[in-house]
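Read through the structure below, which is laid out as structure tokens, and then see the notes.
There are 2 protein chains.
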Amino acid sequence: MPKIVAERSDVIPSLAEIFREYGFDGASLSTITEKTGLGKGSLYHFFPGGKEEMAAAVLGEIDEWFATQVFEPLRSADDPRSAITSMCSSVAGYFRSGRRVCLIGAFALDNVRNRFSDRVRDYFAEWRGALASALERAGCPERDALALAEETVVAVQGALVLARALDEPEVFERTLERIQSRLIAATGGDEQR
Amino acid sequence: MPKIVAERSDVIPSLAEIFREYGFDGASLSTITEKTGLGKGSLYHFFPGGKEEMAAAVLGEIDEWFATQVFEPLRSADDPRSAITSMCSSVAGYFRSGRRVCLIGAFALDNVRNRFSDRVRDYFAEWRGALASALERAGCPERDALALAEETVVAVQGALVLARALDEPEVFERTLERIQSRLIAATGGDEQR
DNA sequence: GTCTATATGGAGATAGAC
DNA sequence: GTCTATCTCCATATAGAC
Chain B
1 MPKIVAERSD VIPSLAEIFR EYGFDGASLS TITEKTGLGK GSLYHFFPGG KEEMAAAVLG
61 EIDEWFATQV FEPLRSADDP RSAITSMCSS VAGYFRSGRR VCLIGAFALD NVRNRFSDRV
121 RDYFAEWRGA LASALERAGC PERDALALAE ETVVAVQGAL VLARALDEPE VFERTLERIQ
181 SRLIAATGGD EQR
Chain D
1 MPKIVAERSD VIPSLAEIFR EYGFDGASLS TITEKTGLGK GSLYHFFPGG KEEMAAAVLG
61 EIDEWFATQV FEPLRSADDP RSAITSMCSS VAGYFRSGRR VCLIGAFALD NVRNRFSDRV
121 RDYFAEWRGA LASALERAGC PERDALALAE ETVVAVQGAL VLARALDEPE VFERTLERIQ
181 SRLIAATGGD EQR
């Protein structure tokens, strides 16, 4: 039985989709009221800091999702190899196989970056670091691990740009498959089958 | 002896830098007048269509630069291998080794994409197609050529996102070196030295 | 071509009733 | 917690003198 009365946390997913679709500057308060179904009164009740606080809340939720679903498993799983393949499917799911853009990547290229630069930087640094850690524990030499982790994050972000630009989600799917084979190969290939 | 009176084409490079720095929505007309040193009168004299026409002019100039400096050489050079290495250095120079973002990539992730979707799509499609053509002519099988061309454009765009997000231009430099070795390897490696 | 002044709309944000 | 009404400001764009 869903509550009629909204809670702050109920609104954040809608806000995320809105910012993804319109960008930070492009998402006006009227767009937001329309798409969320909430009036400005409610919006400012939940987010007294206005649009900036809304975006910060969205970024916070994204951070948290990746931290628990992706970064922590990569850093602490007993089996780093399976954490890596699991990362690939989580990421494919999260970005809807290339049909959804990365809000943090979009913010990174925008001028709003300056308002959220710490969060933007930490997100990518965490991802790269956590994946490198998993690769190392899976037997990859440190130098290779760092390079391959960076290559992976670069490929994911680039694929999202291209998939959106060309309106070809398959670019993302192909990229993710390619990178996954490379990650598997670097952690000992098929030998453990 | 520089002319005092501005010409339309003189303004476009400044506009490009402004859109790169502030984004389309983030670049207000007051920002633009301030940074270009031109009043609104002059701006609307050159670009009667306003900001949208300014952005279109910038995109047109970028298109043209890439067409003549990168795409055409890739498609028609007698020596496709050297056209490929030359692409890498042109691209490194153009993006200032990762300190400059790709405006078209940024537009692709933004909602302004909808206003310029044809140009955005064509730019990336052209790049991927031209590079694939050069790879094929350099002896790469068609399937591999397409995949590697796509991987290259993905890597460049992703590296620009990450370099900007992390404030680490080296990410771009490392990526470009890695991709260049891969391109060279795919066209026969060092054997022709 | 370039400027200043101005029109007009929509932006983000607030107030206060319910 | 949600609404409507309202405020202020700055956005884009225009007009017309020089």
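Respectively, the protein sequence lines represent chains B and D.
Everything in the first sequence is counted per the UniProt record's numbering, starting at 1 for the first residue and increasing by one.
Everything in the second sequence is counted per the UniProt record's numbering, starting at 1 for the first residue and increasing by one.
Glycine included, every Cβ here is placed at the ideal spot set by N, Cα and C.
- Around the CB of residue 164 of chain D, 16 or more other CB atoms lie within 10 Å, so the residue is classed as buried.
- Collapsing the DSSP output to three states places residue 167 of chain D in coil.
- Around residue 71 of chain B, the same chain offers 126, 127 and 130 as residues with beta carbons nearer than 7 Å, after the five sequence neighbours per side are excluded.
- The beta-carbon distance between residue 6 of chain D and residue 30 of chain D, rounded to whole angstroms, is 18 Å. This is too long to meet the 8 Å contact definition.
- Counted as a single uninterrupted DSSP element, the alpha helix (DSSP H) harbouring residue 88 of chain B occupies residues 80-94.
- Taking the C-beta atoms as reference points, residue 172 of chain B is found nearer than 8 Å to residue 97 of chain B.
- In this structure, residue 182 of chain D sits away from residue 151 of chain B, with a CB-CB distance that is not shorter than 8 Å.
- The three-state secondary structure of residue 161 of chain B, taken from DSSP, is helix.
- For residue 12 of chain B, the closest C-alpha among the options B/33, B/26 and B/25 is that of B/33.
- Within chain D, the C-beta atoms nearer than 7 Å to that of residue 124 of chain B come from 162, 165 and 166, in chain order.
- The beta carbons of residue 111 of chain D and residue 21 of chain B sit closer together than 8 Å.
- A direct Cα-Cα distance of roughly 30 Å separates residue 46 of chain B from residue 106 of chain D.
- Contact fails between the stretch 72-80 of chain B and the stretch 113-124 of chain B, because fewer than three Cβ pairs, one in each stretch, are under 8 Å apart.
- Exclusion of the five residues before and after residue 136 of chain B leaves 142 and 145 as the residues of its chain whose Cβ lies within less than 7 Å of its Cβ.
- Nearest in C-alpha terms to residue 133 of chain B, of all of B/187, B/59 and B/17, is B/187.
- Chain B places no beta carbon closer than 8 Å to that of residue 180 of chain D, leaving this residue out of the contacts.
- Within 7 Å of the CB of residue 109 of chain B, the CB atoms of chain D belong to 101, 105, 106, 109, 161 and 164, in sequence order along the chain.
- Residue 105 of chain D: member of the alpha helix (DSSP H) spanning 103-109, first to last residue.
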